[in-house]
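Chemist: What follows is a single structure, and I will ask about it in a moment.
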Amino acid sequence: VREHARKLLEKHMKKPFFNSRYAEDVKRMSLEEYEQGKVWLSDTFYLIRCEDDALPNIKWVLDLAKAAVLRYGVRGLVIDPYNELDHQRSPNQTETEYVSQMLTMIKRFAQHHGCHVWFVAHPRQLQNWNGGAPNLYDISGSAHFINKCDNGIVIHRNRDPEAGPIDQVKVCVRKVRNKVAGTIGEATLSYNRITGEYYEDDRQ
Numbered sequence: 001v002r003e004h005a006r007k008l009l010e011k012h013m014k015k016p017f018f019n020s021r022y023a024e025d026v027k028r029m030s031l032e033e034y035e036q037g038k039v040w041l042s043d044t045f046y047l048i049r050c051e052d053d054a055l056p057n058i059k060w061v062l063d064l065a066k067a068a069v070l071r072y073g074v075r076g077l078v079i080d081p082y083n084e085l086d087h088q089r090s091p092n093q094t095e096t097e098y099v100s101q102m103l104t105m106i107k108r109f110a111q112h113h114g115c116h117v118w119f120v121a122h123p124r125q126l127q128n129w130n131g132g133a134p135n136l137y138d139i140s141g142s143a144h145f146i147n148k149c150d151n152g153i154v155i156h157r158n159r160d161p162e163a164g165p166i167d168q169v170k171v172c173v174r175k176v177r178n179k180v181a182g183t184i185g186e187a188t189l190s191y192n193r194i195t196g197e198y199y200e201d202d203r204q
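For the sequence shown, UniProt numbering gives the first residue as 1, with consecutive numbering after it.
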C-alpha cells in the first residue's frame, strides 16, 4: 500500500519521494508537499484491500466497490491485477464459462452504478515472442476478455535497447465498441522514470 501511495504521490507532485539513485539530480518533494499530497490522496482514492491471507474473489471486490459508490460517490474502479483474484470455480464449469460469467458481473456493476471499471490483466507467457506488443487474445484465461470489453487497450513498453528507446511506451487501442469513446489506433508516449509519468515527446 505504501509503495502504491508513493508512486501516486510522485506522479501528482512531479517530484521523487526519496533521495536515491532513481531520482538523479531532481530535488525530492518537501515535507509540505508530502502533506499536501497526502490530502490529495485521501480525497481522490479509496483502496479496497484484502487484509487476510485469502485471495479475494470478484464478488467480494464488487460488494466493497458498491459500498464505495454509494458512500463516497466513486465513479471509477480499477481492478488490478486479474491474476491476484480467487478464481475457484465449480468442477463442471470451464474456465471460459467462468471468465464469461465474471465479466458479465463486472459489466452489470458498471452499468447499474454508472461507474467506469478498468480491469487490468497481464498476457500469458507467449511462445516465440518477438518483443512486440501483445494483443487482447494473449490475455491469460479466455478470449472473452476481448469479446465482452467495451474498450480494449494494450500498454507495451520496449525492454530491448537494440529495438528502440526503452523509455518509450506504446498505447494501443485495440477495441472500441462505441465510436463516441474514440477510435482504434496507437500512440507513443515517453516514460519519466523519476516520477513515473507518461508524456508526449515533441522529439518523436
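For each residue, glycine too, the CB sits at the ideal point set by N, CA and C.
What are the boundary residues of the beta strand (DSSP E) that E97 is part of?
Modeler: Not the beta strand (DSSP E): E97 falls in the alpha helix (DSSP H), residues 95 to 113.
Chemist: Quick check on E197: does DSSP put it in helix, strand or coil?
Modeler: If DSSP states are grouped into helix, strand and coil, E197 belongs with the strands.
Chemist: Just verifying my parser: in three-state terms, what is the DSSP assignment at G152?
Modeler: G152 falls in the strand class under three-state DSSP.
Chemist: For Y72, which residues from the same chain have a beta carbon less than 7 Å from its beta carbon, with the 5 sequence-adjacent residues on both sides left out?
Modeler: Contacts found: Y46.
Chemist: Where DSSP assigns a beta bridge to W118, which residues make up the other side?
Modeler: In DSSP, W118 forms a bridge with V78.
Chemist: If you draw a straight line from the alpha carbon of D52 to that of R124, how long is it in whole angstroms?
Modeler: Each residue's Cα considered, the two are about 27 Å apart.
Chemist: Do you know whose CA, among E3, V1, K7, R2, lies nearest residue 205's CA?
Modeler: Because the chain is modelled from 1 through 204, residue 205 falls outside the range shown and cannot be assessed.
Chemist: Can you tell me whether G164 is buried or exposed? The criterion is at least 16 other CB atoms within 10 Å of its CB, across all chains shown.
Modeler: Label assigned to G164: exposed.
Chemist: So what does DSSP say about S42, is it helix, strand or coil?
Modeler: Helix, per DSSP.
Chemist: Secondary structure at P16, three-state DSSP: helix, strand or coil?
Modeler: Three-state DSSP puts P16 in coil, outside helix and strand.
Chemist: Please classify K15 as buried or exposed, where buried requires at least 16 other C-beta atoms within 10 Å of its C-beta.
Modeler: Its Cβ being crowded by 16 or more others within 10 Å, K15 is buried.
Chemist: Whose C-alpha, out of L70, N19, G131, is nearest the C-alpha of P161?
Modeler: The shortest Cα separation from P161 among L70, N19, G131 belongs to G131.
Chemist: Between H113 and G76, what straight-line distance do the alpha-carbon atoms span, to the nearest angstrom?
Modeler: H113 and G76: Cα-Cα distance of roughly 10 Å.
Chemist: Could you tell me the distance, in whole angstroms, from the CA atom of E200 to the CA atom of N92?
Modeler: Distance between the alpha carbons of E200 and N92 is about 49 Å.
Chemist: Which of the three DSSP states, helix, strand or coil, is assigned to N130?
Modeler: Residue state, collapsed to three classes: coil.
Chemist: Within the continuous alpha helix (DSSP H) that includes L64, where are the two ends?
Modeler: From DSSP, the alpha helix (DSSP H) with L64 extends over 58 to 72.
Chemist: Give a yes or no on whether the minimum CB-CB distance between A121 and chain B is below 8 Å.
Modeler: Structure shown: chain B not included; a single protein chain is present.
Chemist: Using the DSSP secondary-structure output, state which residues sit across from K175 in a beta bridge.
Modeler: K175 pairs with G152.
Chemist: Per the contact definition of three or more C-beta pairs closer than 8 Å, is the stretch 53 to 61 in contact with the stretch 25 to 36?
Modeler: As far as the Cβ criterion goes, the stretch 25 to 36 does not touch the stretch 53 to 61, which means the pair count is below three.
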